[in-house]
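Peer 1: Sharing a structure, written as structure tokens. Questions coming.
There are 2 protein chains.
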Amino acid sequence: MKLRIVALSSLVLAAPVLADEGMWTFNNFPSAEVKKKYGFEPTKEWLDQVRLASVRIAGGCSASLVSADGLVMTNHHCARTCIENLSGLQKKDFNRDGFFAKTLGDEPKCPAMEMNQLVEITDVTRRVQDATKNVAGDKFADAQKTEIAKIEKECATSDEFRCDVVTLYRGGKYDLYKYRRFQDVRLVMAPEDQIAFFGGDPDNFMFPRYDLDMTFVRIYGTDGKPLKNDTYFKWSAGGAKEGELTFVSGNPGGTSRGLTVSQLEDDRDYRLPQRLFRLSEIRGLITEYQNRGPEQKRHSNDTLFGVENAFKALKGRHGALADSGFYGKLRANEDDFRKKVNANPKLKKEFGAVWDEIATVTKKANAMRKEYGALEGGPYSDLFGKARTLVRYAEESGKPNGERLKEFTDSRLPQLKAQMLSNAPVYKELEIAKLTWSLTKIREDLSPDHPMVKKMLGQKSPAEVAKALVDGTRLDQLAAAEPGKDPKTGKPLPATPDTFSRTALFNGGKAVIDASKDPMIEFARSFDAEARAIRTKFENEVEGPLKKQQELLAKARFAVYGQSIYPDATFTLRLSYGSVKGYQEDGRDVKPITTMAGAFERHTGADPFALPKTWLSAKSKLALDTPFNMATTNDIIGGNSGSPMVNKDREVVGLIFDGNIQSLGGDYGFDETQNRAVAVHSAAILEALEKIYGAQRIVDELKGKPAATGAGQP
Amino acid sequence: MKLRIVALSSLVLAAPVLADEGMWTFNNFPSAEVKKKYGFEPTKEWLDQVRLASVRIAGGCSASLVSADGLVMTNHHCARTCIENLSGLQKKDFNRDGFFAKTLGDEPKCPAMEMNQLVEITDVTRRVQDATKNVAGDKFADAQKTEIAKIEKECATSDEFRCDVVTLYRGGKYDLYKYRRFQDVRLVMAPEDQIAFFGGDPDNFMFPRYDLDMTFVRIYGTDGKPLKNDTYFKWSAGGAKEGELTFVSGNPGGTSRGLTVSQLEDDRDYRLPQRLFRLSEIRGLITEYQNRGPEQKRHSNDTLFGVENAFKALKGRHGALADSGFYGKLRANEDDFRKKVNANPKLKKEFGAVWDEIATVTKKANAMRKEYGALEGGPYSDLFGKARTLVRYAEESGKPNGERLKEFTDSRLPQLKAQMLSNAPVYKELEIAKLTWSLTKIREDLSPDHPMVKKMLGQKSPAEVAKALVDGTRLDQLAAAEPGKDPKTGKPLPATPDTFSRTALFNGGKAVIDASKDPMIEFARSFDAEARAIRTKFENEVEGPLKKQQELLAKARFAVYGQSIYPDATFTLRLSYGSVKGYQEDGRDVKPITTMAGAFERHTGADPFALPKTWLSAKSKLALDTPFNMATTNDIIGGNSGSPMVNKDREVVGLIFDGNIQSLGGDYGFDETQNRAVAVHSAAILEALEKIYGAQRIVDELKGKPAATGAGQP
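If you read the protein sequences in the order shown, they are chains X and U.
If you use this note's numbering, the first sequence corresponds to residues -4 to 709, in order.
If you use this note's numbering, the second sequence corresponds to residues -4 to 709, in order.
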């Protein structure tokens, strides 16, 4: 509960790295350092195998292959959307009741779930930087985008591959990441929400902890059969013990350790508070929305979880920057860095002005933020998002690849198409509530007198506009409406523009979009030009100049601290090392491993501290001293959810699902004394699968039997 | 919409004061300065008359006497609670529909509305400071409280008077304020919420503006007849013109201009964000709660208004501190002050350590804040508040006056009694929602493992606990429940402890409270000892030491800047001077006076921009060029709502109801270039009363006719 970051290790610093700090890229992993501290040196082959057994969930999580037949382990909260979508489609509540496919044939496809396996990394720094050499700030973003789109397109030779140029060190290095793309992912097993999120929001980011935050899914090939893969993580016999070396391979979403003090101040005083105000408000709104009824509760559970999780995480970040000790250390780091740059005339000439330039751009960004958020961010609504995408896709797909908005470049289209044509249900009542709120916030941000607000609302209230748009749109439907019938002949009439299906709108191109009378499409069209304008302005006046300065800053950092440093996280594959280790909190020792018995002790019977019935009735069968959750010194952050934790033999010893509350400042800096990653212990996973869920076929598969012969097959 | 505070006048500075800055006490008003700038010098007699015609609403607003028969003018939003209570009691919706008592006899009594008229100010600095001379920090608060209770009791010779020792300059001066107390206040006239809060939250704190935020009430004496009073404000014939000198006499609630930088930092990084997170969340919750139905909407309107208003005000304050230019000026002021203190060896010795001491105490306060808020602040629920008061009143009323908690000293009891025995309705469904939320927040702040949380919740969820407490309590009822009947004889049984009425519990003393089985009383009792303990700890370790340092700081300020400075606001009567004046915003001129025509132009028909029907149908009769709202340079802040704005002849020219968005940083400093007070123009008040509401008897009374002969009398 306390955010006490007493001592801070050196941040983004040169070797020797003494703390277990760093979210390292696979092509710059400090193996020698690990050997020095833990006596084990990962080889290139070891690293390659770990990389290939790791997969990324494109929506924002990590996962791993754990059988030769495409079985994938991740967190329950990473598969929540899939589970909720499947519940909606099948009129069940798998989040509440859990899910287990007794046979391969019972594994249902998750709507629009994409997984990526990183197969190749290529350094393209020279090519990207050359493309912007001598390019002014306001043309920088554009020039870079064009070159990156080109590189990515050359790499992504078919839809099977996804290629992303990744900006590392905020511009110091550009690597091309080539992924194998999997778009057929099916749900295998999920426990009940009550145990997958035991303790709920109160226990979120807390330790000691008792959570079975796990889900198993399976990758299927384009042939509709389970993926055959050579490289996967085997299961550890006993799991990790206290003090044992652990590796976490996953995709940390983003860190801010390379920010300048002016950017940190902007985070502390503007960006984080503004986001937190909004998150709090929608949190209150959805909390009360859940009282509308059980259906509405089910439809909004995933939204509420996401909002509460983000709120707690960002509040922790804000708290870290508000901590004068922590903040003072960050300031001191920058002072040291600047002093070293300024002490060298050559460096001073080249890089001395960077910090002030970044401060100037940050101020400029601030002044644009509200309009940018309202117009280019757009209202908070899935249906609006679909409309916006349809309108823009129609426009962008007609342009050459390098000239498109980056989310519409060829390399991104397969994922986009899967999302737009997925059968994930849309809940219109929730949509109206979200859109009403969001339009009210846009009016609040821009004022009722802003021309765009007048355009969006006209003479109506936000509630009236939202209801008309959501009730009127058919974008929740993939298929077209039944066409009307001729009242005389009784024969079906041709489809009219307002009955076009989402599929037809996606595939139809610009003419179909322009002809559409769907109110949400009309709404999205109505301010698309203005939204694009503010985006272009932002790219030219903020993003470009900032990228340019950040490249310089990265070069200065290399010059001062050398190359053996890790870059800020970018939702790409990273490896962290550490060990199972407790810590001190409020003067008490916190032990690093909990047991299943603890869950029963914490059970009160009232949500969110109520264990599911399956657990209560299986209690007598369980080995209650089975390790349940554990804390390690691995340096991770949001996006790492679902990451495998493995030992030096590359065996699964745990499943990352959280960090402790002290880890929330980890966005800005790592404190090994208290910052802990939190994982489900591998032993608890087996124990629960076998004795609580009767999921023997999964246990067998984890232990090395082929999927097809697993128990429970017909 | 923008919070641009470009230039800042000198804050809390010595004369000569060039800007129209300052919320001045009546016994230290800078008349000579006013003469220098505006050519008019208020005399002592002038000041006395203004003081006596001003009244304070004890709940947190300002008002003024505007006839010889006790007619009082204030804001609609200051009387909202009365209007909502009367609506509940009479099963009407006077907030929505407006209210007008055609005759004196139709004026209904507002439940528990108290007004205070400041009749005397006495300097008691020596007495208060002597009582704490050589008293250590941890005994300071206690020693001071005892002396203050004594002074107040000596002054308040009967319930007709209320006496408060006011801490000015954060401890530099202590004045005894003697008020005449009025507890029979009746509603006379209120327009519809649609025009009293035209533009709603979006237009709140904005200018140009079109709001008829007015209400008239009347003070009745203990004889049940309208108060006869010699001193009141007469009505100005034409109202104020651009450039005219204006005075505002009212009760600014509190400012923070005397805080040190460490306290400002605490505000910016902890206190304001934490409060804003909570306000946002309850805002979202109540917004959605209003969708439960029209009754629920009506019951929660007042709550939502208060929450949104507070959110916007505090967000503006946070924005001011987040503005590096503004904040930099505050830092510079402190640097200047400290430099001057340190330059003088005597001052340095006496005061040099004050800033660091305050920083230390501020840190200590921070560490206690969550427990203090949860236990001593207690859950957010009117019924809990009643239970807490009953439990403590029973205990405290048995102690000598000087030993009681300060809210139970003799001087405070008449208001407390009126509140506890008022017939204001309580809405249980809303109470359950608020209490559920609040218990969840307490668990969030303290963690589920905190012993107090375990005590409050036991094995239940916050929702279960809240429902049981609110459903089970009878504290919403003044009268006792019907006693049960003997099943055999059919005769009524004696009242049992759980059927005790609120009246019986208030009047019954400790034995009755101890015997009560009312669940809310039991709940309040269950952690009262712990709540008192954290309060005592806070008083001893934070409040006392802080008071002590602040006294020193005030002395240092007097020593450096002299006595001609104004103290921070303390919700006591202050006078501010200024003039009707426009300003520049985003490079555009904002004119200081709007007209009634503007309201019709802003009317869209959709809430909150829909004028009431009365206005639409009266449009042709109105002089549309009548001045409606106006902006002046008067230095005011929350609590000033309802203040009269008068000219040098002490005639009403306006009614303060707001400040512009640029004024929100006014908590910390005054910027005359943009900070504006916003008032309803006196001409619009008359025009609306006469032509829209047919309230001729009020118009006549404002023009000097006695109330009893007003038109509309039977």
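Here a beta-carbon is modelled for each residue, glycine too, at the ideal position from N, C-alpha and C.
Quantities reported herein were computed from a predicted structural model and do not represent experimental measurements.
1) What residue range is occupied by the uninterrupted beta strand (DSSP E) comprising Met110(X)?
2) Strictly below 9 angstroms CB to CB, what residues from chain X border Asp602(U)?
3) Classify Ala27(X) as buried or exposed, calling it buried when 16 or more other Cβ atoms lie within 10 Å of its own Cβ.
4) Counting only Cβ pairs nearer than 7 angstroms, list the residues of chain U close to Ala317(X).
5) Taking just the CA atoms, how far does Gln657(U) sit from Gln545(U)?
6) Using 8 angstroms as the threshold, is the stretch 163 to 176 of chain U in touch with the stretch 533 to 553 of chain U, meaning 3 or more CB pairs across them?
7) What first and last residue would you give for the alpha helix (DSSP H) that runs through Phe379(U)?
8) With a threshold of 16 other CB atoms inside 10 Å of the CB of Gln708(X), please say whether the residue is buried or exposed.
9) Here's the rule I'm using: 16 or more other beta-carbon atoms within 10 Å means buried, otherwise exposed. How should Ser521(U) be labelled?
10) Rounded to whole angstroms, what is the Cα-Cα separation between Thr719(U) and Gly279(X)?
11) Quick one: give me the first and last residue of the beta strand (DSSP E) that Pro639(X) is part of.
12) Sorted by chain position, which residues of the same chain lie with C-beta nearer than 7 angstroms to Ala389(U)'s C-beta, five sequence neighbours on each side aside?
13) So, Ala628(U) versus Glu667(U), is the Cβ gap smaller than 8 angstroms?
14) What does DSSP give as the partner residue(s) for Gln579(X) in the beta ladder?
15) Counting beta carbon pairs with one atom in the stretch 53 to 71 of chain X and one in the stretch 100 to 115 of chain X, are three or more of them shorter than 8 angstroms?
16) Give the straight-line distance between the Cα atoms of Gln472(U) and Ile277(X), rounded to the nearest whole angstrom.
17) Taking 8 angstroms as the cut-off, decide whether the C-beta atoms of Val648(X) and Ala235(X) are in contact.
18) Check whether chain U comes within 8 angstroms of Ala495(X), counting only Cβ atoms and requiring the distance to be less than that.
19) Look at the alpha carbon of Phe321(U) and the alpha carbon of Glu538(U), and state the distance between them as a whole number of angstroms.
20) What residues in the stretch 274 to 306 of chain U bring their beta carbon closer than 9 angstroms to a beta carbon of chain X?
21) Could you list which residues in chain X have their beta carbon closer than 9 angstroms to that of Thr589(U), in chain order?
22) Have a look at Arg552(U) and Lys86(U) and give me their C-alpha separation to the nearest angstrom.
23) Skipping 5 residues on each side, what residues in its chain have a beta carbon closer than 6 angstroms to that of Ala428(X)?
24) Rounded to whole angstroms, what is the Cα-Cα separation between Asp377(X) and His72(U)?
25) With a threshold of 8 angstroms, are at least 3 pairs of Cβ atoms found where one atom belongs to the stretch 581 to 600 of chain X and the other to the stretch 193 to 212 of chain X?
26) Decide yes or no for the touch test of the stretch 175 to 187 of chain X against the stretch 134 to 149 of chain X: beta carbon pairs closer than 8 angstroms, at least 3 of them.
27) Which whole-angstrom value describes the C-beta separation of Glu696(U) and Leu66(U), a residue pair presumed to lie in contact below a C-beta threshold of 8 angstroms?
28) If we cut at 8 angstroms on Cβ distances, does Phe24(U) have a partner in chain X?
29) So, for Met108(X): in the same chain, excluding its five sequence neighbours on each side, which residues have a beta-carbon less than 6 angstroms away from its beta-carbon?
30) Would the stretch 414 to 423 of chain X and the stretch 482 to 501 of chain X be scored as touching if the rule is three or more Cβ pairs under 8 angstroms?
31) So that I know if they touch, is there some Cβ in chain X lying closer than 8 angstroms to that of Thr621(U)?
32) List the DSSP bridge partners of Cys56(X).
33) Can you look up Leu434(U) in the DSSP assignment and give me helix, strand or coil?
34) Give me the chain X residues within the contact set of Asp606(U), using Cβ-Cβ distance strictly less than 7 angstroms, ordered along the chain.
35) Does the separation of the CB atoms of Ala613(U) and Ile687(U) fall below 8 angstroms?
36) Chain X beta carbons: is any one of them nearer than 8 angstroms to that of Pro268(U)?
Peer 2: Taking the structure as given:
1) Met110 to Asp118
2) Ser456 and Ala458
3) exposed
4) Asp264 and Tyr265
5) So the two alpha carbons sit approximately 29 angstroms from each other.
6) Segments in contact, yes.
7) Asp377 to Glu391
8) With a pLDDT of 38 at Gln708(X), under the threshold of 50, the predicted position of this residue should be treated as unreliable, and no value is reported.
9) exposed
10) Chain U is shown only over -4 to 709; residue 719(U) falls outside these bounds and no answer can be derived.
11) Annotation for Pro639(X): the continuous beta strand (DSSP E) segment containing it runs Pro639 to Val641.
12) Gly504, Lys505 and Ile508
13) What sits at residue 628(U) in the sequence shown is Thr, not Ala. Yes, they are a contact pair.
14) Asp584(X)
15) yes
16) 35 angstroms
17) yes
18) Here residue 495(X) turns out to be Phe, not Ala, going by the sequence shown. For Phe495(X), the closest Cβ of chain U is not nearer than 8 angstroms.
19) 28 angstroms
20) Leu274, Ser275, Glu276, Ile277, Arg278, Gly279, Leu280, Ile281, Thr282, Glu283, Tyr284, Asn286, Arg287 and Phe306
21) Going along chain X, no residue has its Cβ under 9 angstroms from Thr589(U), so there is no contact; the nearest lies around 14 angstroms.
22) 55 angstroms
23) So the qualifying residues of the chain are Tyr284.
24) Their backbone Cα atoms lie some 38 angstroms apart in a straight line.
25) yes
26) no
27) 6 angstroms
28) no
29) Cys77 and Val180
30) yes
31) no
32) Ile52(X)
33) helix
34) Asp is not the amino acid found at residue 606(U); the sequence shown has Leu there. Going along chain X, no residue has its Cβ under 7 angstroms from Leu606(U), so there is no contact; the nearest lies around 13 angstroms.
35) yes
36) yes
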